[in-house]
Every structure is written in structure tokens, then in C-alpha cells.
Amino acid sequence: MNNLSTNPCPVDVSERPATRAIAEILVALPGIALIGCAIWFDQRWVDRHFLPSFFAPHRTFVVATAVGRIVLALLGAMLVLVVRPRIGRLFAGVPVRTLFADIARISLAVVLALGTSEIILRRTFHRSTEERPPSEVPNRHPDQRLGWSFVPSHVGYDKIGGRVIEYAFDPAGYRVRGANAKVDPDLPTVVFTGESIVVGQGLTWEESIPGQLEALTGTQTANLAVSGFASDQAYLRLVAELPRFRRPVAVVSLFTPGLFDRNLDDDRPHLELGLVWLPAKPRWRLTAMAKWLVPFRNDEAIERGIATTSALLRATIDFAQARGAIPVIVVPQFSPEEPTERMLRRRILDDAKLPYVWVELDPNWHVPGDAHPDARAAHKMAVAIAALLRRP
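Residue numbers (the working numbering): 123 to 514.
Set out below in C-alpha cells:
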């Protein structure tokens, strides 16, 4: 009588070493990659690809880089030294085809999970990087050409730094002293354009840069700035609004390397090289969230941003002069100036021979509980602007 095996699916013993090796390789490769990243992504690399932030000190990036490299190295070592052999032993008796079937099922589950997440995010996370909810004070509404703008003829209140701040806007959407105030386009006017620093986030109108300059000079100011704006959005708003003013005295715009990163965003209406207007580029919401969490910028994007920003500031100067106004570019800097900030300032402004007023600010001059410049910082900037306008 012949002895026949009763096992319908025998495991080929020769497959066991191959299965274990494949499983261990699949675990080891990500571990080796993490260790390689920990070695490669040093502080110099981070400073090159993660641009400065006006609202976060450079030391924050230094600490984050050091901690991140340690975490990557530990995770990589754990995968290679601890997880790899355990996974190898776990799959040692599994046929190769079963291993790859498991990998296929896991991959499919990941793809389905990502697809579901994308659908959910499209319903809940639909704004661009710098765009804020419409209900946030100061209130904004969508603008097809600019991306967003302040709600005109509106007054809102926000508590910040232990104070209730009033944000009042006239029918043109300019921030003004109070609910009944409005800018008169027939009067001599210093026109401001920019973002939340110029708006006066966390400051009363009287404490803002335009408010303090008006008190210093006696000349009416018009605040065209909108929170979250990049240089191209500020320029577009200036082009649309400046012709309304019959006697513009000066056009004040703000640039700081700490806000340069938002000039590279293309998930909103934007200007490309040649100052060509383009609508927002559609992109996956998962990608947008990943870029928000890890704001990596490649060399090509940074170089394009430098060239475009320099061209925008030159166009701002030319447009102001064509309207008979004195162009003023204010560059505030909470000291000390870091090497990357210095490089951006020199390449964008100095190399293009653009005139500007560099205002060094005390690093402690922030709105309490907020990173925006406080009234002392706004006063120093207003004094610097006033001094420039008084020059013969």
C-alpha cells in the first residue's frame, strides 16, 4: 500500500528561506531609508529647503531638525534591528504567493483609505494655504481675482492679547478708524498695501502702521492690506485700487524674507514670471495637507519665487511712480537676521537695486499671545516711513 500525503496544499520547504528573506528586505529597506534621511537631512539642507518664517524663530527650526533626525534614526534602527527579524520569523513558513497576496491586500486597503480621506478632506479642507475661514475676524469673502478680500462696510471684534480689538472697514474694504469712517479718495493719501502686519493684526487702528503714520504726518492713509496676502496679491489689489486716488502721496508696501514662502503658493490665484495672472492650481487635498505639515520647497520653486518677487516689487515701484507717488518698501526684521533671510533680502532687493527701508525690531515686540508686531514695532516702522517722506 502506497503512503500518500493527505495535505492538499503542501508548503514547499524551499520557499521558506525565500519568503523570510523577502519579508525582511521589505522591512529593512524603509529602515535603511529612514537612517539615510537622518544623515542626509542636516541643518544646512533644512535651511535650504524650508524657508524662514516671520512668526517662528530660527531656533525653532534648529531644534525641530535635531529632534526629527533623532526620531528618524531611531525608527530606522528599530525597523532594521528589531522589527525585521521578527517579521522574518513570522513569515518564514508562509508561501511566497501568500506573502504577495497579503501585500496586495494591504496596498489596496491603503489606497482605499487614502481615497476616502481625500473625499472627506474635499468637503472639509477646501481653502488655500493662507486662506482663513470667512467667519474669522477680520471677516473675509471670496474674490475671484485675488483669492479673498475683507468684507466691506463691516465691523468685527476679536479678543487678542487680553484686549478686544475692533476691525472696521469702509465701503471700499479698507480698514478705518471706526464704523462711520471712510477714506476720501480726493484727499492727499499715503496708500498702504500688504498683509496682516500692515492690517494691524492685534492692534487698534490708531496703533497700526497706517494709523500711526497718519498721526505723525497729518496725511490721510488708506489701508488696502488684506490678511494672508502674498506679494502678488498685494500688487494686484494695488493696481485695482490706486487709480481711485486723485492725489496719492506715497505707496507703502511691505516685504520680509519671513513671509517669502507664501509667494510660492499656487493653490490660489497668483502671478507667475512675467506677472501673468493664473487661477489657482487644483491639487489633491492630501497633498495640500502634507505640504502644510511639511513645507518643503525645491530649488526650482525657490529660484522662480525669487525672480517673481523681485519683479513684483519693481512693478510696484514703477506703478507708484507712474501715479506720481513715492514708492516705499518697508522691510521689518526681528533681529537677529538669519543667513537665509539675509540671502533672500540681498537677492530679491539688493541685487535688483530696489530701494527699501530696513527696520530692525526688538525680538520682544510682539502682540501678547500672538506673533504679530505690537504697537512699539508699528511705531518704529511708521517713524521710518515718515522720515523717508520728509526727505527733500
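Think of the CB as a built atom: it goes at the ideal place given N, C-alpha and C, for glycine as much as any other residue.
Taking the Cβ atom as the reference point for each residue, do residue i and residue j lie within a distance shorter than 9 Å?
i    : j    : result
L173 : F382 : yes
G198 : I241 : no
F163 : T182 : no
L386 : L393 : no
L338 : T315 : no
A497 : E336 : no
T430 : L476 : no
L201 : R267 : no
I331 : A474 : no
S250 : G278 : no
L471 : S375 : no
S271 : S318 : no
I282 : D492 : yes
L148 : L408 : no
P256 : V321 : no
Whose C-beta lies closer than 6 Å to the C-beta of residue i among residues of the same chain, with five residues either side of it excluded?
i    : result
P379 : P174, E463, L466, R467
A423 : L386
Q323 : H494
G333 : W327
P132 : Any reading at P132 needs caution, since the residue's pLDDT is 48, under 50, leaving its predicted position unreliable; the model's value is listed next. Counting only Cβ-Cβ distances below 6 Å, and skipping sequence neighbours, we find nothing.
D354 : H392, L393, L434
H180 : E460
P514 : none
Q63  : Summary: the structure shown does not reach residue 63, with the chain confined to residues 123 through 514, and so no result is reported for it.
A344 : Y296, V305, T311, V313
Report the partner residues of residue i according to the DSSP bridge assignment.
i    : result
L400 : H392
S175 : A178
R285 : I282
I448 : A372
W480 : V453
Let me know the secondary structure DSSP gives residue i once reduced to three states.
i    : result
Q342 : strand
W270 : strand
R170 : helix
G278 : strand
D73  : A question about residue 73 goes unanswered here, because the residues of the chain that appear run from 123 up to 514.
V453 : strand
H501 : helix
W487 : coil
F291 : strand
R297 : strand
V218 : helix
E240 : helix
S127 : Reliability of the predicted coordinates at S127 is poor, the pLDDT of 41 falling under 50, and no value is obtained from them.
E363 : helix
P310 : strand
P495 : strand
S229 : helix
T187 : helix
V202 : helix
A303 : coil
A143 : helix
D224 : helix
P256 : coil
Leaving out five residues before and five after residue i in sequence, what residues of the same chain have Cβ atoms less than 8 Å from its Cβ?
i    : result
D134 : In this prediction, D134 has a pLDDT of 49, which is less than 50 and means its spatial position is unreliable; what the coordinates show is noted afterwards. P217.
D306 : Q342
P293 : P274, S275, K304
E425 : none
Could you name the residues of the same chain whose beta carbon sits closer than 7 Å to that of residue i, not counting the 5 residues immediately before and after it, in chain order?
i    : result
A145 : I209, G210, F213, L221
R445 : L364, P370
W167 : none
P152 : L201
### Task
Please list the segments of the alpha helix (DSSP H) lying wholly inside the region 312-361, counting only runs of 4 or more residues, in order along the chain.
The region 312-361 contains these whole alpha helix (DSSP H) runs: 318-321, 331-339.
### Query
In chain order, which continuous runs of the alpha helix (DSSP H) of length 4 or greater are located wholly inside the region 397-442?
407-415
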